[in-house]
Each structure stands twice: as C-alpha cells, then as structure tokens.
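Student: Just so you know, we're using this note's numbering here: the sequence shown kicks off at 2 and counts up by one. Ideal Cβ positions, reconstructed from N, Cα and C, are used throughout, including at glycine. Since the model is a prediction, treat every value here as computed from it, not as a measurement. Sharing a structure, written as structure tokens. Questions coming.
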Amino acid sequence: MANSLSRFMNEESLRKLKALKNIKVEEQVTRFLELCKPAKATVITDSPKDIAYVRQLAIDLGEEAPLKMRGHTIHYDGYYDQARDKENTRVLLPEGMKMTETINTIDREEGLNEVLGIMDGAMKGKECLVRFFSLGPTDSRFTQCALQLTDSVYVAHSEDILYRNGYEEFKKLGGGDDFFTFIHSAGELDERNTTVNVDKRRIYIDVVDGKVYTVNNQYAGNSLGLKKLALRLSIYKSNHEDWLTEHMLIMGVRHPDKDRVSYFTGAYPSACGKTSTAMLPGETILADDIAYFRNIDGSARAVNAEFGIFGIIQNVNSNDDPSIYKVLTSPGEIIFSNILVKNNRPYWLGMGCELPKEGINFSGAWHEGKTDNQGNKIPLAHKNARYAVALRALEKVDPQLDNPMGVKLAGIMYGGRDPKGYLPVQQGFDWQHGIIAYGASLETETTFAILGQEGVSEINLMSIQDFVSIPLGKYIRNNLQFGKALKKPPVIFGVNYFLRDKEGKFLNSVRDKHVWVKWMELRIHNEVEAIQSPTGWIPKYEDLRMLFGQVLKKKYSKEDYIQQFTTRVPENIAKLNRVEKFHRENVADAPDILFEILNQQRQRLIKAQKQFGDYISPEKLS
Ligand code: SPV
Ligand code: MN
C-alpha cells in the first residue's frame, strides 16, 4: 500500500497519513487515489501551515480570486450548478432494504458501477487534497470523524471555514473505522474553472458503507461532503443508534431584561428564514443548518455539526440582517460565491445600495440585459448566491458553541413557507402534537435553493425530507420516541413568516420573527398566558403589543393582530387533507398516532367552525 501511496504523495504527506496509525484510513485513501488518478495527493493536517497552503492554492489555481477586502475571495460554480441537484442525488439501496418512494434511490450495485465509472480518472492532472474533519465538537460524545478527498480546493477551503478540523480526532479512533468517507471530484474544468460535464453530475450516498461519491459539481450543497451529504449519512447512523440528526438552527434567546438564556432549535426549509432567525440581533447563534440531538441524563442536548455558515446572501443588508451585513463588509476570511464582482468589490441582490450595470458574475462577463442560451435574462447575481464564514467571526456567536455536552434545549421551532394556512406563531399542545402537526405536516413552497421550479407547494417533513436516508415513517417515530424518553421534552412551536392576505400581501415584516421568538421564550418559562386555538396555543394581543414595543420599538395594532392570528378554518382543513394524503400515499410506515393527531386537529377545527364560522378571530377564542 505504501508503494501505491508513494506514487501519489511525497514523503511528508505519507508521514502525516501514517501518523494516524489507521490502516482503514490508508486503505480508503489508496483505493480512491487509484480510482481517481490525480497527478498528486497532499495530506492536510490541522496545522496552520497546512491550512494556509489550502487557502493559497485556491487562489493560485484560480478556483478563488481575492477581492479588495483582506480575507475575502470569490468563487464561481458553473452556470447550471447553482443549487442542490435533487434529481441526481440518490441513496444507494442494497437489495432487500425498503425506502419511502419519495426518497430518490438507485440499486446499490448499479449506482456504484455507474459512479465509480464516472470517477475513474476524474482527477487526472489535478491535485487531490486529503482532509480530516470533525462533525460536532471535538472530544465529545457527538464527535463524528469525516475523511474528505477532493480535487476542488474551493471545497477543501470551504470546509476549513465551515467545519472543525479533525486530524487529531482521527488519531483517537485507535485504528477503528468509525468515520465517514467523502470522495469528490469537480471533474474536467473549463477556462473559468467551472465543471464542464454537468450532465454527468452524480451524488450517490452509500449509507450502509458510510461513504459518499460526488462528481462533476462544485456548488457546496452538492460537493462538500461535510454538509448535506454527511447529513444523510448521520441520519442513517443516528437511526441505528439512539440520537437524532436534524436540519436545524440552534440559538440562545434572551429574556428582554432578565439575565436568562434559553436554547432553541429551528427547522425551516432552505430560504425560509432559518439563518436570519439564528442571527436575530441581541440573541446568540450556535448553528444555522445542522444539529445533532442526544438524550443526556434525560435532557435533550444539541450541538452544531458545523462550525460556520454557508448562507444565502440575497437581501442581506444593514437594515434586515445588520449583524451578518457587518461581517460581510469587514475584513476576515469569507468565500463569496456566485455574486457580481466589479473592481474587485462584491455586489449582490438586495444589498441595499446602488448596483453596477456590469461586472463578472456566475455567467462570466455580465451586463444588464444579458441573456442565456434559452433567452432568459441573467440576473446580476444568482438568488442562491452565498457566503461562507466561520461562526467565530461573528460577535454574537454563543459561548457554548464548542461545549462537548452541547446545550440543553428549551424549545423547537418548525416553520415553512405557507401563504394561506398556518398562524405566524403557535405552541403545540404537547411533544406529539408539535412533532406531527407542525413537523411532520410542514408544507412549503419550493425555492431557488434547489434546481427546478420555484413556488410549488409541497410537503417537506421537518424541513429535512430531501435528506432523509431511512424510511420517513421511521424518521417520525424516532422523533416521537426521542421526546417520550426525556424527563421534560422541549416545547414545540409552529411558525410561519410567509402568511399573506387575500391580495397576496405579506402580513408580517421581516423582523417580526424576533417578537415571536421572544414570546416563545416567555412561554417556556410560563411568564405569559396563551389562548387555545384549534391548531395550538396562540399569543394574547397585550403580550405581543408589549414585545413589539420592547423588541422592535414598533406599535402593534389590534387590527394587525386579528388579521395575523385569525384561524382560517377552510385553509387549515385543506392543508390537513393534503398532509394526510401525502402520508397515506407515500409513507407506508407512518405511525397510527400521526393519523390520530391529524384527525383530532380536524375535529377541533370543525367544532370551532360550527361555533364561530370559517374565519375565527383570536378574540372569539379567548
Ligand atoms: C440548504 O439549501 O438547505 C442549505 C445550503 O443549507 S446547501 O444545502 O448547501 O445547498
Ligand atoms: Mn440547509
């Protein structure tokens, strides 16, 4: 093996690999170097020197270009590789394993043959970086080691910003094989350093073997092993153990004037307010995308699998997201992707200043009015353009970020993009009701974060449906069970930032979510009362009026309250019907309790409808 490895790497790299004393790691590295056939391979440790090498290589090879501000670089993904590719992302299904129909799968043998065929020689002429990371804090029950091989320096550099280094963690494996392996190749690149063969883009997830093969792509949601690809592997792994993997933010919410912090997690589909909730001014952030939960001594505790933010940059401006705007306009290590650059300065949609009429963007040289091959106008920047920044760069990072025990959870939020049905904020009656009526019923409109049509309404269970690598019913049961086993489960809330009036106008402004979050914190501590509606506990006007004044310095009228918190019975019943149909048709192993809880909700709505009519003002319920 050493012989084969020394064909690819110099003595220094070989020494670094050997120092891990892990034959399993060496086997994987050898096997995939032999398959992908790079010109050379370099082993990167956690040392600042090695990490600086990666940062510089991204620039030397032109995968990133420096911008005016110190530490800022720009990277472009291919024009057709700007979001997650759902169609070509598949779970490899071994013979005999059952999976929910909505989960994209391919027969394991067939899939492996195909993807290994595409990856054969995919790194020709390139340098393969061999990297070691830790998902979750190091030295912790939550730690999950991850090995990454990639020929994209952008991928390796992004992972440095977004994940904890894990070379030293690998040493603690004691030669064991409890690590995930990610093999990525951007494939052949064009003169702009973007993938040529996007038609051969494949992202295949081998859950039983803990490996992911991803090729002919660069967009981070497709290429970075540690992000959405590891999410699938850890959902599978946690299902076979006793913990949960969630597509969730984690934040510390403060009482308006007491010295008190309560930790919340929140699940929102992509581009539905997850990052901006996690970044609310005055609160602290632990995670904006992926959380691991464990039951530790009867309490739900959570950690961030990640260490940084890969956030949507559109509409980040000093007014709506002041804290992240400040970070993005200050010196420090940031990779911008798929935005416009002019005179080495970055520009994006909704940044709140005048925008140039030409520059370089994800289509190459760009000018206003430029069209693509299909005659579509190319925007100044892609809607899904992003930034990657380490959480430690934020002033408001929570001090518990690296706590090996995680934080104790007080509340969980589920929020979709629902123009018609769900109230802006409501509290579930109990754990089961919250998981079923808000989590498993989460319905949302599709967004630009996934390749394909926008604005199509779909069920996106717990906002994690795209990533679930076990039967969906099992995933729901695991969540129900997790809460049951706790001494005091976190309180579950349903939120909806996207409710509209009859004319289609949004009923809330972007920052109102902060009031909802503060209300939840008070509810958790039983410091405000609530009104029982057919779909959950809802806020009282006086409490919201007080919080709007305190948090946003805004007046909150009774009319606004009534409009926002009116229960829309026909819309809610229609939603229940869609949710039930989805589960009956697709989720063969859906638990009976799911249908019971949906039915109870329906009965409560019908009863209230008989008494109060189709549209029920909160005043009638109090
Ligand atoms: C998401 O779309 O949910 C993201 C970005 O967090 S990525 O999954 O990386 O595309
Ligand atoms: Mn996400």
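Can you name the residues that DSSP bridges to Glu444?
Tutor: The partner list for Glu444 (beta bridge, DSSP) reads Ile460.
Student: Would you report the Cα separation of Asp207 and Thr101, rounded to the nearest angstrom?
Tutor: Approximately 16 Å, taken between the alpha carbons.
Student: Using 10 angstroms around the beta-carbon of Lys259, count the other beta-carbons present and answer buried if the total reaches 16, otherwise exposed.
Tutor: That one is exposed.
Student: Quick one: what's Trp367 bridged to in DSSP?
Tutor: DSSP, once it has assigned bridges, lists Gly360 as partnering Trp367.
Student: In the DSSP assignment, what residue or residues form a beta bridge with Met414?
Tutor: Met414 is bridged to Gly267, Phe494.
Student: Considering only their Cβ atoms, is the gap separating Ile460 from Thr442 smaller than 9 Å?
Tutor: For the sequence presented, residue 442 should be read as Ser rather than Thr. Yes, Cβ-Cβ distance for Ser442 and Ile460 is below 9 Å.
Student: With a cut-off of 8 Å on the beta carbons, I'd call Lys514 and Gly274 a contact; round off their distance for me.
Tutor: The pair is a contact, with the Cβ atoms about 6 Å apart (cut-off 8 Å).
Student: What separation, rounded to the nearest whole angstrom, lies between the Cα atoms of Ala288 and Ser277?
Tutor: Roughly 11 Å between the two C-alpha positions.
Student: From this set, Val496, Asp179, Arg91, which residue's C-alpha is nearest Lys444's C-alpha?
Tutor: In the sequence on display, residue 444 carries Glu and not Lys. Considering only alpha carbons, the answer is Val496.
Student: For Gly537, does the three-state DSSP call read helix, strand or coil?
Tutor: Three-state DSSP puts Gly537 in a strand.
Student: So, under 8 Å CB-CB, Asp502 and Gln564 are touching, yes? Tell me the CB distance rounded to an integer number of Å.
Tutor: That belief holds up - the Cβ atoms of Asp502 and Gln564 are roughly 7 Å apart, short of 8 Å.
Student: With DSSP as the reference, please indicate the residues paired to Gln564 in a beta bridge.
Tutor: Its beta-bridge partners do not exist; DSSP assigns none.
Student: Could you pull the start and end residues of the alpha helix (DSSP H) that Leu36 belongs to?
Tutor: Taken as a continuous stretch (DSSP letters only), the alpha helix (DSSP H) holding Leu36 covers 24-37.
Student: By how many angstroms is the C-alpha of Arg302 removed from the C-alpha of Gln604?
Tutor: Distance between the alpha carbons of Gln604 and Arg302: 35 Å.
Student: With 16 other CB atoms within 10 Å as the buried threshold, where does Ile617 fall?
Tutor: So Ile617 counts as buried.
Student: When we look at the beta-carbon of Glu13 and count the other beta-carbons within 10 Å, is it buried (16 or more) or exposed?
Tutor: By the neighbour-count rule (16 or more Cβ atoms within 10 Å), Glu13 is not buried but exposed.
Student: Report the three-state DSSP secondary structure of Ile107 (helix, strand or coil).
Tutor: It is a strand residue.
Student: At what residue ranges does the segment 139-212 contain a whole run of the beta strand (DSSP E), taking only runs of 3 or more?
Tutor: With a minimum length of 3 residues, the continuous beta strand (DSSP E) runs that stay inside the segment 139-212 are 145-151, 180-186, 203-207.
Student: Starting from the N-terminal end, write out each residue whose C-beta falls within a distance shorter than 6 Å of any non-hydrogen atom of the ligand MN.
Tutor: Taking each Cβ in turn, the ones that pass are His248, Ser271, Asp290.
Student: Would you give the residue range spanned by the beta strand (DSSP E) that Asn217 belongs to?
Tutor: No beta strand (DSSP E) contains Asn217, which DSSP labels as neither H nor E.
Student: Which residues in the same chain as Pro380 place their Cβ atom closer than 7 Å to its Cβ, once the five residues preceding and following it in sequence are excluded?
Tutor: Here the set comprises Leu350.
Student: Is the beta carbon of Ala231 less than 9 Å from the beta carbon of Leu136?
Tutor: Contact: yes.
Student: Quick one, which of Gly453, Val457, Leu18 has its alpha-carbon nearest Glu446's?
Tutor: Here the closest residue by C-alpha is Val457.
Student: Let me check understanding here. Comparing Cα to Cα, which of Ile539, Asn218, Gln375 lies closest to Phe566?
Tutor: Nearest option by C-alpha distance: Ile539.
Student: Go ahead and pull the three-state DSSP assignment for Arg261.
Tutor: Note: Arg261 maps to coil in three-state DSSP.
Student: Check Met98 in the structure and name its three-state DSSP category.
Tutor: Coil at Met98, not helix or strand.
Student: Find the nearest neighbour of Thr139 within the set Asn404, Leu130, Gly283, judged by alpha-carbon distance.
Tutor: Out of Asn404, Leu130, Gly283, Asn404 has the C-alpha closest to the C-alpha of Thr139.
Student: Give me the residue from Glu355, Tyr237, Gln551, Phe583 with the minimum Cα distance to Met98.
Tutor: The candidate whose alpha carbon is nearest that of Met98 is Tyr237.
Student: Is Ala157 a contact residue of the ligand SPV, with contact defined as CB to any heavy atom under 8 Å?
Tutor: Not so, every heavy atom of the ligand SPV lies at least 8 Å from the Cβ.
Student: I'd like the list of long-range same chain contacts for Arg387, defined as Cβ closer than 8 Å, with 5 residues on each side in sequence excluded.
Tutor: Only Ala221, Phe311, Gly312, Ile313, Ile314, Phe337, Ser338, Asn339 meet the Cβ criterion.
Student: I'd like to know if the segment 211-219 and the segment 466-478 are in contact, where contact means that at least 3 CB-CB pairs between them fall below 8 Å.
Tutor: No, the segment 211-219 is not in contact with the segment 466-478.
Student: Over the uninterrupted beta strand (DSSP E) stretch that includes His1, give me the two end residues.
Tutor: The shown model of the chain, from 2 to 623, leaves out residue 1, and the question about it has no answer.
Student: With distance defined between alpha-carbon atoms, name the residue in Thr74, Tyr562, Gln601 nearest to Leu577.
Tutor: The option with the nearest alpha carbon to Leu577 is Gln601.
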